[in-house]
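Quick note, the sequences are listed as chains A and B, same order.
Just so you know, we're using our numbering here: the first sequence kicks off at 359 and counts up by one.
Just so you know, we're using our numbering here: the second sequence kicks off at 26 and counts up by one.
By construction, the Cβ of each residue, glycine as well, lies at the ideal position given by its N, Cα and C atoms.
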Amino acid sequence: MSINKDLVTASSTALVLAILAEGDSYGYAILKRVRGLSGGALEWTDGMLYPVLHRLERSGLIQSRWAKAESGRRRKYYRITGAGRDQLADERRQWQTVDKTLGKIWSATADCANTSVTPVPLLQRS
Amino acid sequence: MDKKRTGNPTVGQLEKQIEAWRAHLRKSQTITSQDAAELEDHLREQIAALGADGLSDDEAFLVAVKRMGAFDALTREFSREHSDRLWKQLVLSGDDRDGGTESAAAGWSRRMWVALGLAIAAAVAIKIPALFGIAFDAEPGGGFCPRNISFFAFPFIAAYFAWDRPLPLRGRLALAAVFAVAATVVNAFPFAFSPKGEPGHTFVLTRIFAPLFALLLIAFIVTMATTGRAIDVKREVLILFDLLLAVVFGLLLYSASARDAIARPGLMDWIQLTLVGTALAVDVLALWAIGSRIFEFGFTPNRVAALGENIALLVNLGGSAVLYAGFIRGRVAFSRLCDWQKFYLYVLAAWAAVVALLFPLVFGFA
Numbered sequence: 359m360s361i362n363k364d365l366v367t368a369s370s371t372a373l374v375l376a377i378l379a380e381g382d383s384y385g386y387a388i389l390k391r392v393r394g395l396s397g398g399a400l401e402w403t404d405g406m407l408y409p410v411l412h413r414l415e416r417s418g419l420i421q422s423r424w425a426k427a428e429s430g431r432r433r434k435y436y437r438i439t440g441a442g443r444d445q446l447a448d449e450r451r452q453w454q455t456v457d458k459t460l461g462k463i464w465s466a467t468a469d470c471a472n473t474s475v476t477p478v479p480l481l482q483r484s
Numbered sequence: 026m027d028k029k030r031t032g033n034p035t036v037g038q039l040e041k042q043i044e045a046w047r048a049h050l051r052k053s054q055t056i057t058s059q060d061a062a063e064l065e066d067h068l069r070e071q072i073a074a075l076g077a078d079g080l081s082d083d084e085a086f087l088v089a090v091k092r093m094g095a096f097d098a099l100t101r102e103f104s105r106e107h108s109d110r111l112w113k114q115l116v117l118s119g120d121d122r123d124g125g126t127e128s129a130a131a132g133w134s135r136r137m138w139v140a141l142g143l144a145i146a147a148a149v150a151i152k153i154p155a156l157f158g159i160a161f162d163a164e165p166g167g168g169f170c171p172r173n174i175s176f177f178a179f180p181f182i183a184a185y186f187a188w189d190r191p192l193p194l195r196g197r198l199a200l201a202a203v204f205a206v207a208a209t210v211v212n213a214f215p216f217a218f219s220p221k222g223e224p225g226h227t228f229v230l231t232r233i234f235a236p237l238f239a240l241l242l243i244a245f246i247v248t249m250a251t252t253g254r255a256i257d258v259k260r261e262v263l264i265l266f267d268l269l270l271a272v273v274f275g276l277l278l279y280s281a282s283a284r285d286a287i288a289r290p291g292l293m294d295w296i297q298l299t300l301v302g303t304a305l306a307v308d309v310l311a312l313w314a315i316g317s318r319i320f321e322f323g324f325t326p327n328r329v330a331a332l333g334e335n336i337a338l339l340v341n342l343g344g345s346a347v348l349y350a351g352f353i354r355g356r357v358a359f360s361r362l363c364d365w366q367k368f369y370l371y372v373l374a375a376w377a378a379v380v381a382l383l384f385p386l387v388f389g390f391a
């Protein structure tokens, strides 16, 4: 199963901020973490992460700095800012609300969830 | 598979591939060298990870590039995020987008010096006409400088961009040729129909050539008259005659269109009338020669074509002479002369069409 593109985009801010809240990181490692967390379901095109990072940096939610990696190459590291943590808390509330709302309706229709065909009386042909 | 760790040649190959990939990436206006470096770091990390999983360099490179995403999508995404950079490119161009890196700073100052040098060159070039006594504001509207001002500025701007964005030699030559042709056309083409109506320096051309051709034709006539060999002129000389008359026709047409139709008759009109008169005389001589050749050797397509052309020119020159004389005496408007010449373009074109299309049929493709 893979997540649809709009959802990937929508969740990207929360995901990146949450990962950076764990500690400073860089592009490749962030992507690896996303893959690990989602079990490969959240599939990002690698290059697309960077415009997201740049957008967050521009809005002051994260900061970047160039440093030498253990490989000897220069690498761009990102760190979450105070504003980023506030934003992350806000994102978290929003996603939890969405999750809770959906959770309620999932449980209400739980009986149908496992059956492949669900008759819907309102849409029956008259 | 197992050769990948030992084969150093493949490492060089990989570096080349990454180099090409980075160069391709840098072509985008919105991906800075820092962005490219960041993406390259990612690519290398990915290749290393895939290599650790057992892929060869080639395979790892291909997979890593594929995962990075299509270039188009990537650059589009960067453009969306960094739309301000596009504008900066337009204004500052080149690698200003490099921001902090050392080499970029050096490149920037080098560009500054080149731009400054070219600006000074343009400023010097714009003063050159003054050395030849052509004042900048002496001729409002159709003057030399207003018309040519773009040729003092644009070549330098073009030179800057040609230098900044590496342009192949062929492109540079083409650029230079375009400017040369454009400058020639702008200066040679009569602008009498411009709102200002002042032909300016375009007229120089006819002022030089009209007397020159008049003298040339007079010399011809005098030579003919003194040697008395007008009738048995050689074929080559006859062709030269017709060529010369065609040029005179062009010159008259040109000067008529270039002349300010409202201006009063002056010295130039006398010179033009002289030119028309001498051309008329030469045309009569040519007709005489052609007539005698036809009488002597019979009809050939070439002779008939020449005969037709000379008769057409005779009528044109005769009409021009009458109109010019009338204009100088103040009885005929100059525009009538213009119309006459323009009308004759069609006559000559029609005769050329007859020669080209009907003669082969009439003379059986001889």
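(request) Go ahead and label alanine 148/B buried or exposed: buried means 16 or more other beta carbons lie within 10 angstroms of its beta carbon, across all protein chains shown. (result) exposed
(message) Using a 10 Å radius around the Cβ and a threshold of 16 neighbouring Cβ atoms, would you call valine 366/A buried or exposed?
(response) Its Cβ being crowded by 16 or more others within 10 Å, valine 366/A is buried.
(message) Comparing C-alpha positions only, which one of Ala376/A, Arg393/A, Ser417/A, Ser422/A sits nearest to glutamate 63/B?
(response) Ser422/A
(message) Just to confirm my understanding: we take glutamate 436/B, look at its own chain, exclude 5 residues before and 5 after, and list those with CB closer than 6 angstroms. What are they?
(response) The structure shown does not extend to residue 436/B, since chain B is modelled only from 26 through 391, so no value can be given for it.
(request) Would you kindly report the start and end of the unbroken alpha helix (DSSP H) that includes glutamine 445/A? (result) 440-466
(request) State the Cα-Cα distance for the pair phenylalanine 384/B and valine 262/B, rounded to the nearest angstrom. (result) 23 angstroms
(message) Below 8 angstroms, how does it come out for the segment 391-399 of chain A and the segment 371-383 of chain A: are there three or more Cβ pairs, yes or no?
(response) yes
(message) Please identify, using Cβ separations under 7 angstroms, the residues of the segment 399-416 of chain A that lie next to chain B, in order along the chain.
(response) Thr403, Asp404, Gly405, Met406, Tyr408, Pro409, His412, Arg413
(request) Would you list, in sequence order, the uninterrupted beta strand (DSSP E) runs of no fewer than 3 residues that lie entirely inside the segment 268-300 of chain B? (result) none
(message) Among Thr100/B, Asp83/B, Ile72/B, Gln71/B, whose alpha-carbon lies nearest the alpha-carbon of histidine 9/B?
(response) A query on residue 9/B cannot be resolved here, the shown segment of chain B reaching from 26 to 391 and no further.
(message) I need the DSSP call for isoleucine 319/B, collapsed to helix, strand or coil.
(response) helix
(message) Quick check on the burial criterion: 16 or more other C-beta atoms within 10 angstroms. Buried or exposed for glycine 142/B?
(response) Glycine 142/B should be labelled exposed.
(message) Suppose you measure from the CA of glutamate 40/B to the CA of glutamine 452/A; what does that come to, to the nearest Å?
(response) 46 angstroms
(message) I'd like to check one pair, arginine 413/A with glutamate 106/B: are the Cβ atoms closer than 8 angstroms?
(response) yes
(message) Helix, strand or coil for arginine 393/A? Go by DSSP, reduced to three states.
(response) For arginine 393/A, the three-state secondary structure derived from DSSP is helix.
(request) Anything in the segment 384-397 of chain A with a Cβ closer than 7 angstroms to a Cβ of chain B? List those residues in chain order, please. (result) Gly385, Tyr386
(message) Cutting at 6 angstroms between CB atoms, please list the residues of its own chain near isoleucine 43/B, excluding the five before and the five after it.
(response) none
(message) I'd like the span of the beta strand (DSSP E) that includes arginine 423/A, first residue to last.
(response) Run containing arginine 423/A: 420-426, per the beta strand (DSSP E) assignment.
(request) Report the rounded CA-to-CA distance for valine 139/B versus leucine 292/B, giving the unit in angstroms. (result) 50 angstroms
(request) Drop a sphere of 10 angstroms on the beta-carbon of aspartate 448/A, count the other beta-carbons inside from all chains shown, and report buried for 16 or more, exposed for fewer. (result) exposed
(message) Which residues of the segment 51-73 of chain B have a Cβ closer than 9 angstroms to any Cβ of chain A? Give them in chain order.
(response) Here the close residues are Gln59, Asp60, Ala62, Glu63, Leu64, Glu65, Asp66, His67, Leu68, Arg69, Glu70, Gln71, Ala73.
(message) What residue range does the alpha helix (DSSP H) around methionine 93/B cover?
(response) It spans 82-93 - the alpha helix (DSSP H) in which methionine 93/B sits, taken as one unbroken run.
(message) Please tell me whether lysine 434/A has its Cβ less than 8 angstroms away from any Cβ of chain B.
(response) For lysine 434/A, the answer is yes, since a Cβ of chain B falls inside 8 angstroms of its Cβ.
(request) Taking 8 angstroms as the threshold, find out whether the segment 318-330 of chain B comes into contact with the segment 365-372 of chain B through three or more Cβ pairs. (result) no
(message) Taking 7 angstroms as the limit between beta carbons, can you name the residues of its chain near glycine 418/A, skipping five residues before and five after?
(response) Closer than 7 angstroms at the Cβ level, and outside the excluded window around glycine 418/A, lie Thr439, Ala441.
(request) Classify arginine 51/B as helix, strand or coil using the three-state DSSP reduction. (result) helix
(message) At a CB distance below 8 angstroms, what residues from the segment 430-460 of chain A approach chain B? Give them in sequence order.
(response) Taken in chain order, the members of the segment 430-460 of chain A whose beta-carbon sits within less than 8 angstroms of a beta-carbon on chain B are Arg431, Arg432, Arg433, Lys434.
(message) Measuring straight from C-alpha to C-alpha, what distance separates valine 273/B and alanine 144/B?
(response) 43 angstroms
(message) Going by C-alpha to C-alpha distance, which of Ala387/A, Gly385/A, Leu373/A, Trp402/A sits closest to isoleucine 361/A?
(response) When only C-alpha atoms are compared, the closest one is Trp402/A.
(request) Could you round the C-beta distance between alanine 311/B and phenylalanine 352/B to whole angstroms and report it? I think they count as a contact, below 8 angstroms. (result) Incorrect: roughly 26 angstroms between the Cβ atoms, too far for contact.
(request) May I ask which residues mark the beginning and end of the alpha helix (DSSP H) holding isoleucine 377/A? (result) Per DSSP, the continuous alpha helix (DSSP H) segment holding isoleucine 377/A begins and ends at 363-380.
(message) I'd like to know if phenylalanine 86/B contacts chain A, where contact means its C-beta is closer than 8 angstroms to some C-beta of that chain.
(response) No, phenylalanine 86/B does not count as interfacial toward chain A.
(request) With DSSP as the reference, label serine 360/A as helix, strand or coil. (result) coil
(request) Within the same chain, show all residues whose beta-carbon is closer than 6 angstroms to that of glutamate 415/A, passing over the 5 residues directly before and after it, in chain order. (result) Ser422
(request) Could you tell me how far apart the beta carbons of leucine 446/A and alanine 372/A are, in whole angstroms, since I believe they sit closer than 8 angstroms? (result) 7 angstroms
(request) Would you please state the rounded distance, in angstroms, between the beta carbons of valine 23/B and leucine 342/B? I believe it to be under 8 angstroms. (result) Outside the displayed span of chain B (26 to 391) sits residue 23/B, for which this structure offers no information.
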